[in-house]
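K.L.:
Note that this note's numbering numbers the sequence shown so that position 99 is 160, with each residue one more than the last. The structure follows.
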Amino acid sequence: RMSHVRDERLHGPDPADSTYEALGGESTGDSTWVGTHHDAIWRLVDTRWVFPDEAAATAWLAGRARWHTEGLPRRPGLPGAGDEALVFSGARGGWFFGLESPQIVHLFRVGRTVCKLHAIAGPDAPRQVTPEQMRDLALRVAERVRTALPPLPLLPTR
Numbered sequence: 062r063m064s065h066v067r068d069e070r071l072h073g074p075d076p077a078d079s080t081y082e083a084l085g086g087e088s089t090g091d092s093t094w095v096g097t098h099h100d101a102i103w104r105l106v107d108t109r110w111v112f113p114d115e116a117a118a119t120a121w122l123a124g125r126a127r128w129h130t131e132g133l134p135r136r137p138g139l140p141g142a143g144d145e146a147l148v149f150s151g152a153r154g155g156w157f158f159g160l161e162s163p164q165i166v167h168l169f170r171v172g173r174t175v176c177k178l179h180a181i182a183g184p185d186a187p188r189q190v191t192p193e194q195m196r197d198l199a200l201r202v203a204e205r206v207r208t209a210l211p212p213l214p215l216l217p218t219r
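Pasting the structure below:
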C-alpha cells in the first residue's frame, strides 16, 4: 500500500521552462506516492502539464522530453499509453541511500495534457514492476485525463 506524501498539483511551472509559458501552458503540478523499500514501486511521481490545445502539448513534448527522462535510456520497444508516448527505463543510483534502483518513466500525451509517471523500485523488492504493469497504470491515468479534460469544443471563428 502506498502513501500520498506530496501534493503539488497546482504548484506552477518550472521557472526554467520557458517553453511551457510560450505555448500557453494552463496548469502543471505533481503528486508523489511512496511505498516501502520492499515494494515493486517504492516511489511514484505523477506529473502533468495542461496546454490550451493538442498542438501546444505535442510541441512541448517534442521540445522538452529530454529534460524529463531522469537520465534513463529510451526504450522504443516498450509499450506506452496515450496519443503519443515515450518510455525510458534502466537503473540509476541515488534515490534510496545512494543505492542503484530500477526505474521506469512513461512520458505521454493525452489530448492537450502531457503526463509523466516516474516509478522507482524498492531496493529490497523481491520483484520489479514490469513495463506492462507500468503501461496499465499509464492507461488508467490516460483514461482519467480524458474524463477530466474532454476535448475542447470547436468554437465558431466568426
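We put the CB at the ideal spot given by N, CA and C, even for glycine. Just so you know, these numbers come straight off a predicted model, no measurement behind them.
For V175, count neighbouring Cβ atoms within 10 angstroms of its own Cβ and tell me buried if that reaches 16, exposed if not.
P.N.:
buried
K.L.:
Sorted by chain position, which residues of the same chain lie with C-beta nearer than 8 Å to G124's C-beta, five sequence neighbours on each side aside?
P.N.:
T80
K.L.:
For D91, name the three-state secondary structure that DSSP assigns.
P.N.:
strand
K.L.:
Around the C-beta of V111, are 16 or more other C-beta atoms found within 10 angstroms, so that it is buried, or is it exposed?
P.N.:
buried
K.L.:
Nearest to G154 by alpha carbon, out of G143, R201, R62, P163?
P.N.:
Residue P163 is the option with its Cα nearest to G154.
K.L.:
Quick one: which unbroken alpha helix (DSSP H) runs of 4-plus residues sit fully inside the region 98-180? Chain order, please.
P.N.:
115-125
K.L.:
Which partner residues does D223 have in the DSSP bridge list?
P.N.:
Since the first residue shown for the chain is 62 and the last is 219, residue 223 is missing from the structure and cannot be characterised.
K.L.:
If you drop the 5 nearest sequence neighbours on each side, which residues of the same chain put their C-beta closer than 8 Å to that of H99?
P.N.:
G183, D185, A186, P187
K.L.:
Taking the beta carbon of V171 as the centre, do at least 16 other beta carbons fall within 10 Å, making it buried, or is it exposed?
P.N.:
buried
K.L.:
Excluding the 5 residues preceding and the 5 following V202 in the sequence, name in chain order all residues of the same chain whose CB lies nearer than 6 Å to its CB.
P.N.:
C176
K.L.:
Looking only at its own chain, which residues have a Cβ that is under 6 Å from the Cβ of L122, when we skip the five neighbours before and after it?
P.N.:
R170, V175
K.L.:
Which value, in whole angstroms, describes the spacing of the CA atoms of D114 and A120?
P.N.:
10 Å
K.L.:
Pick out whichever of V106, F149, R127 has its Cα sitting closest to the Cα of P137.
P.N.:
F149
K.L.:
Determine the DSSP secondary structure at T218, reduced to helix, strand or coil.
P.N.:
Note on T218: pLDDT 42, under 50, position unreliable in the model; the coordinate value appears next. DSSP places T218 in coil when its eight states are reduced to three.
K.L.:
Please check the pair A101 and V190, which I expect to be a contact at CB under 8 Å, by giving their CB distance rounded to whole angstroms.
P.N.:
Cβ atoms of A101 and V190 come within 8 Å of each other, at about 4 Å.
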